[in-house]
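In this note's numbering, the protein residues as written are 2 to 268.
Using N, Cα and C, we set each Cβ at its ideal position, and we do this for glycine too.
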Amino acid sequence: MKFCAFLLGFLACAVGCSSKDQTDPYATVSEFCEAWGKAACNSTVVSNCSGETTTDGLTQACVNKQQTFCEGLVPIIGYNSAQASRCLDAVKNAYSDAKLDGTEVLTVRHLGDPCNHLIKGPAALGESCTQDDDCDTVHNVLCVMKGGTGTCAIPKPVAAGMDCSDPSASCSDGYFCDPDAMACIAVRAEAKSCAGDYACAAGLACQGADPTAGTNGTCTAVVQTNMCMADTDCASGVCDIVGTATTGACVESIILSHAESACGDLR
Numbered sequence: 002m003k004f005c006a007f008l009l010g011f012l013a014c015a016v017g018c019s020s021k022d023q024t025d026p027y028a029t030v031s032e033f034c035e036a037w038g039k040a041a042c043n044s045t046v047v048s049n050c051s052g053e054t055t056t057d058g059l060t061q062a063c064v065n066k067q068q069t070f071c072e073g074l075v076p077i078i079g080y081n082s083a084q085a086s087r088c089l090d091a092v093k094n095a096y097s098d099a100k101l102d103g104t105e106v107l108t109v110r111h112l113g114d115p116c117n118h119l120i121k122g123p124a125a126l127g128e129s130c131t132q133d134d135d136c137d138t139v140h141n142v143l144c145v146m147k148g149g150t151g152t153c154a155i156p157k158p159v160a161a162g163m164d165c166s167d168p169s170a171s172c173s174d175g176y177f178c179d180p181d182a183m184a185c186i187a188v189r190a191e192a193k194s195c196a197g198d199y200a201c202a203a204g205l206a207c208q209g210a211d212p213t214a215g216t217n218g219t220c221t222a223v224v225q226t227n228m229c230m231a232d233t234d235c236a237s238g239v240c241d242i243v244g245t246a247t248t249g250a251c252v253e254s255i256i257l258s259h260a261e262s263a264c265g266d267l268r
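So, in structure tokens, the structure goes:
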């Protein structure tokens, strides 16, 4: 009888305990970031960034550097791995050809879509926010901005010229929700009037605006296109800085090489 009871208990555990024994490979930020490093450090990236033939040692060095870089990007507080696989797939695809365009740079250098769904922030649906991580990004709630003010909502895409008064309404790229007309209108070009940075095209800032006085400013280039210091300085989203230089040039994409500063955490 004791043997039968033991056998029944063993079989029950074999069926019911197997799922409990399975672990989440991305449960912690450290584990996620190690996987990030492995996704980024393919043989072409390692070879291009090191300037040498790929070896296991060079690959591991790349993985270690990228893990550290990733850990500096992803907050520990609020981290949730539910959508980690989507992000890792995007990282792998972005680095697959050792070339990064603006969209890919946003993803792998600044936790842009789909890597902006890793944090369950403290703000509830409908509450105010200043960045996506304030909201429950794991369940696709992001900080939808209107007139410089954000609300946690699941974004609903709105086409140009259409009403954007709903807190979840999100204008398409190149447009913003005009706080007066409450419609999606095109972002302003350089030298055009603006009420805030949100109204200006990428790479431009609204200088001279005073919201409290109701005074508009002018959309002005943050820096000259050949003197950028960060990706956000460029309309393309890519600032190409070579070697140890502190400034670079705005470009549409970069091909990873030993001379690129972007390879600093890939070797």
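| Under the three-state reduction of DSSP, which class applies to D241: helix, strand or coil? | By one-based count along the sequence shown, residue 241 stands at place 240. DSSP, reduced to helix, strand and coil, places D241 within a strand of the structure shown.
| message | What does the alpha-carbon distance come out to for the pair P168 and C153? | response | As a working note, residue 168 is residue 167 in the sequence shown. As a working note, residue 153 is residue 152 in the sequence shown. Their backbone Cα atoms lie some 8 Å apart in a straight line.
| Rounded C-beta distance between T60 and V47? I'm assuming under 8 Å. | Locating residue 60 in the sequence shown gives position 59, counting from the first residue. Locating residue 47 in the sequence shown gives position 46, counting from the first residue. V47 and T60 do touch by the CB rule: their CB atoms are close to 5 Å apart, below 8 Å.
| request: Let me know the secondary structure DSSP gives D181 once reduced to three states. | output: In the sequence shown, counting from the first residue as 1, residue 181 sits at position 180. Note: D181 maps to coil in three-state DSSP.
| Start-end ranges of the alpha helix (DSSP H) lying completely within the stretch 87-168, minimum 4 residues | Qualifying alpha helix (DSSP H) stretches, in chain order: 103-111.
| field | Spatial distance of Y291 from C220 (CA atoms) | value | Given that the chain is displayed from residue 2 to residue 268, the structure contains no residue 291 and the question cannot be resolved.
| query | On the three-state DSSP scale, how would you describe G73? | reply | In the sequence shown, counting from the first residue as 1, residue 73 sits at position 72. If DSSP states are grouped into helix, strand and coil, G73 belongs with the helices.
| task | Output the distance between the C-alpha atoms of C144 and L112, rounded to the nearest integer angstrom. | result | For the purposes of this step, residue 144 is identified with residue 143 of the sequence shown, where counting begins at 1. For the purposes of this step, residue 112 is identified with residue 111 of the sequence shown, where counting begins at 1. Cα to Cα, the separation comes out at about 14 Å.
| When we look at the beta-carbon of K157 and count the other beta-carbons within 10 Å, is it buried (16 or more) or exposed? | For the purposes of this step, residue 157 is taken as the residue at position 156 of the sequence shown. Exposed.
| message | I need the DSSP call for Q84, collapsed to helix, strand or coil. | response | For the purposes of this step, residue 84 is identified with residue 83 of the sequence shown, where counting begins at 1. For Q84, the secondary structure class from DSSP, reduced to helix, strand or coil, is coil.
| task | Kindly list the residues whose CB is nearer than 8 Å to the CB of V243, restricted to its own chain and excluding five residues on each side of it in sequence; keep chain order. | result | Along the sequence shown, read from residue 1 onward, the residue named residue 243 stands at position 242. Excluding residues up to 5 positions away in sequence, G249, A260, E261, S262 lie with their Cβ nearer than 8 Å to the Cβ of V243 in the same chain.
| task | Identify which residue in D179, G58, E128, C136 has its Cα closest to the Cα of Y80. | result | Residue mapping note: residue 80 aligns to position 79 of the sequence shown, counting from 1. For Y80, the nearest C-alpha among the options comes from C136.
| field | Anticipated Cβ contact below 8 Å, T45 with A91, distance rounded | value | Taking the sequence shown and counting its residues from 1, the one referred to as residue 45 is at position 44. Taking the sequence shown and counting its residues from 1, the one referred to as residue 91 is at position 90. About 17 Å separates the two Cβ atoms, so there is no contact after all.
| Which of the three DSSP states, helix, strand or coil, is assigned to G197? | As a position in the sequence shown, residue 197 is number 196, starting the count at 1. In the three-state reduction of the DSSP assignment, G197 falls in the coil class.
| Should D133 go down as buried or exposed, given a rule of 16 or more other Cβ atoms within 10 Å for buried? | Sequence index remark: in the sequence shown, residue 133 carries index 132 (1-based). Only buried fits D133, as 16 or more other CB atoms lie within 10 angstroms of its CB.
| message | Using C-beta distances below 7 Å, list every residue in its chain close to M146, excluding the 5 sequence neighbours before and after it, in chain order. | response | Locating residue 146 in the sequence shown gives position 145, where the first residue counts as 1. The residues Y199, in chain order, have a CB closer than 7 Å to that of M146 in the same chain once the five nearest residues on each side in sequence are set aside.
| request: Compute the Euclidean distance between the alpha carbons of R268 and T216, then round it to the nearest angstrom. | output: Within the sequence shown, numbered from 1, the residue matching residue 268 stands at position 267. Within the sequence shown, numbered from 1, the residue matching residue 216 stands at position 215. If I take the Cα positions, the gap works out to 49 Å.
| field | Integer-rounded CB distance, given that E191 should sit under 8 Å from A210 | value | The residue labelled residue 210 in the question sits at position 209 within the sequence shown. The residue labelled residue 191 in the question sits at position 190 within the sequence shown. Contact between A210 and E191 does not hold, since their C-beta atoms are separated by about 15 Å, which reaches or exceeds 8 Å.
| Short check: CB of S82 to CB of D25, under 8 Å? | Taking the sequence shown and counting its residues from 1, the one referred to as residue 82 is at position 81. Taking the sequence shown and counting its residues from 1, the one referred to as residue 25 is at position 24. Note that the C-beta distance between S82 and D25 is below 8 Å.
| said: Checking the sheet assignment: what are the DSSP bridge partners for S173? | reply: Reading the sequence shown from its first residue, position 172 is the one you call residue 173. Answer is none; S173 lacks a bridge partner.
| task | Given a cut-off of 8 Å, decide if N94 and S258 are closer than it, judged by their beta-carbon atoms. | result | Taking the sequence shown and counting its residues from 1, one reaches residue 258 at position 257. Taking the sequence shown and counting its residues from 1, one reaches residue 94 at position 93. Contact: no.
| query | In three-state terms, what does DSSP make of S258? | reply | In the sequence shown, residue 258 corresponds to position 257, counting from 1. Coil at S258, not helix or strand.
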